[in-house]
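Reading through the structure tokens given below for one structure.
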Amino acid sequence: MDGLFGHVHDATIRTLAVNGVTASEVRGQVCCGALAAHAGLEDLARDLARENVRAFDAVSPDAIVVTNSAGCGAMLKAYGEWLAGDPQADRARAFAARVRDVTEVLAERGPRQGKPLRLRVAYDAPCHLLHAQKVAAAPHTVLDAIPGLTQVPLEGSDRCCGSAGLYALAEPELSGEVLGRKLAAIADARPDVVATGNPGCMMQIGAGALLSGLDVEVRHPVELLDWSYAP
């Protein structure tokens, strides 16, 4: 997310600020470890988890940890399991308990309405948000805060897009078949924007739409809310 979608970080900080939440980046934080875990590098994943727990606790052991990446959020919320039996196990469990997806934080606080956006938006649920974190309603609440925006149903929005961490690289043929079904559903729904909250999904669906000639943008839900807050 940080390397390819830095603008989503900016939108995240701005939308949180409008809703009364001050966000600051924690120096010393490292990769959440999800990609290492997907690749079977479990020792590396645990090392990264320990480093993050130390870095965030050094700033504040009580502050909410906000993430805008579903895959990262699922990993961060699982630190208690990853570090079970570790000397940092208690701290890891406490850290995991205060991790929230940005849409959860915004939904809990309102969110405030912005100016109208006349857009048809189809929400596609990232597997790591819906199935791993059990966050279903919050992204819809964020989109509902935008006047004029119409949420259109997307067939199979609860099913994988084919990205699945490293799966698209490890099994490109099967990944492409899964993506094909997702793109067909998007074509049937005819949205202006597909909203999804995970960088892997954004890349997978965005690249697929571009290559198949679908006239649709792929955006993070907070980007749309940020547009509605813009002067």
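Residue numbering for the sequence shown is 4 to 234, as defined by my numbering. Virtual Cβ for every residue (Gly too), placed ideally from N, Cα, C. Predicted model only: the values in this text are computed from it and were never measured.
Contact between leucine 19 and valine 108 holds: their C-beta atoms lie close to 7 Å from each other, under 8 Å. Assigned with DSSP and collapsed to three states, valine 181 falls in helix. A Cβ-Cβ separation of about 6 Å places glutamine 207 in contact with alanine 171 under the 8 Å criterion. By DSSP's assignment, arginine 96 forms no beta bridge with any residue. Cysteine 34 is positioned such that its CB atom lies no closer than 8 Å to that of leucine 7.
In this structure, aspartate 195 sits near leucine 122, with a CB-CB distance shorter than 8 Å. Beyond the five residues adjoining it in sequence on each side, tyrosine 232 comes within less than 6 Å, by CB distance, of Val21 and Gly117 in the same chain, given in chain order. Note on histidine 10: under 16 other CB atoms within 10 angstroms of its CB, so exposed under the neighbour-count rule.
Considering only Val138, Ala212, Gln154 and Arg94, the residue with the shortest C-alpha distance to leucine 120 is Gln154. In the structure shown, the three-state DSSP call for alanine 198 is strand.
Short of 8 Å from the beta carbon of alanine 140, and not among the five residues preceding or following it, lie these beta carbons of its own chain, in chain order: Ala110. Taking glycine 211 as the centre and dropping the five residues before and after it, the same chain places the C-beta of Leu182 and Leu186 closer than 6 Å to its C-beta, in chain order. The beta carbon of arginine 101 is closer than 8 Å to those of Asp65, Ala66, Ile67 and Val68 in its chain, skipping five residues each way along the sequence. In the three-state reduction of the DSSP assignment, threonine 144 falls in the helix class, which pools H, G and I.
Under the 10 Å beta carbon count, glycine 168 is surrounded by 16 or more other beta carbons and is classified as buried. Leucine 152 and valine 124 have their alpha carbons spaced roughly 7 Å apart. About 5 Å separates the CB atoms of threonine 15 and valine 105; that is less than 8 Å, so the two are in contact.
The segment 46-127 is shown to contain whole alpha helix (DSSP H) runs of 4 or more residues at 73-79, 82-85, 92-100 and 105-112, in chain order.
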